[in-house]
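All remarks here apply to the structure that follows.
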Amino acid sequence: MEYNFEEEKQFVKELLQLSQSHPFKKGQYIYHADDAPKGLYYVNTGLVGLLRVSANGQESLLRLFKKQQFFGHRSLFSNETYHASARCMEDCDILFCDKKSVIDFFDSHPKGYFFLARALSKELRRSELRSVMISEAEVIERVAAAILIFKNLYPDFKWTRTDIANFCASRTPTVIKTLAHMEKQGLIKQEGRKIEILDEDRLSELVNS
Numbered sequence: 263m264e265y266n267f268e269e270e271k272q273f274v275k276e277l278l279q280l281s282q283s284h285p286f287k288k289g290q291y292i293y294h295a296d297d298a299p300k301g302l303y304y305v306n307t308g309l310v311g312l313l314r315v316s317a318n319g320q321e322s323l324l325r326l327f328k329k330q331q332f333f334g335h336r337s338l339f340s341n342e343t344y345h346a347s348a349r350c351m352e353d354c355d356i357l358f359c360d361k362k363s364v365i366d367f368f369d370s371h372p373k374g375y376f377f378l379a380r381a382l383s384k385e386l387r388r389s390e391l392r393s394v395m396i397s398e399a400e401v402i403e404r405v406a407a408a409i410l411i412f413k414n415l416y417p418d419f420k421w422t423r424t425d426i427a428n429f430c431a432s433r434t435p436t437v438i439k440t441l442a443h444m445e446k447q448g449l450i451k452q453e454g455r456k457i458e459i460l461d462e463d464r465l466s467e468l469v470n471s
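Residues are numbered in the numbering used here as their position in the sequence shown, beginning at 1, plus a constant of 262.
What follows is the structure, encoded as C-alpha cells:
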C-alpha cells in the first residue's frame, strides 16, 4: 500500500473534529494506571508524561507526548486497562474523543487502521531503542542520551533532575553528580533547573560510545 501523508493528515483532521477540548493544570493526571480507557487523547498544547510506579514506589518516566501527538490509543484498541498514568508536565489543552465515536470513525474509515499500525510500529521501535539504552549504556551515556532526547523533543522545558533520572533508569543523586561532571568537562552549563548544551557533538559521542 502506497503511503500518503496528506491522506493521513486529512484523516487526523476529521477525527479531531469529533473531539472536545479539556484544560489541565501542570501536575494534574489525565488518567491513572489500571483505569479502563474511555477514549482517545490528543495534545493540543503542552507536554504529557507517561509514568509508572514500581512496587517499591520508584516512579519511572516511560514516554513523553508533545503537541500534535495522540496518546492512550494502545490500550483503547487492545481493550486493556492503562499500564501507566498520564500526567501533565505543564499546563495542557487536551482534545478528547470518546471511545464509541473513535471506533465508529475508524470503522467508517478502514484505512485509518493502517495509519494506526504505522504509529504503533514507530512507538515500538522507540521503546526498543530506549530498552537497549537502559540495559547496555553506562550512567553517563544514559544521562547524555536523556538530555539530548529532552532538548530535541521540547527545548524550552526545564527538566528536573528527577525527570532525567526516571527516564534513564537511574537515581536523582547519581544524575546530579553526573551532570556536575559533564559541566566540569564543558559539555553543559547549569543554571538552576535550566541545562544548556555547550557541546552537542561530544555529548553525542558519549551516547554512541
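Virtual Cβ for every residue (Gly too), placed ideally from N, Cα, C.
Secondary structure of Glu321 (DSSP, three-state): strand. With a cutoff of 8 angstroms on beta-carbon distance, Arg423 and Val437 are scored as near each other. Two segments are said to touch when three or more pairs of C-beta atoms, one from each, lie closer than 8 angstroms; by this definition the stretch 358 to 377 does not touch the stretch 460 to 467. By the C-beta criterion, the stretch 290 to 297 is judged to be in contact with the stretch 341 to 350, since at least 3 inter-stretch pairs fall below 8 angstroms.
Judged by DSSP in its simplified three-state form, Gly374 adopts helix. Here Gln282 carries a strand assignment [DSSP, helix/strand/coil]. Remark: C-beta atoms of Tyr375 and Phe368 approach each other more closely than 8 angstroms. In the three-state reduction of the DSSP assignment, Glu453 falls in the strand class, which pools E and B.
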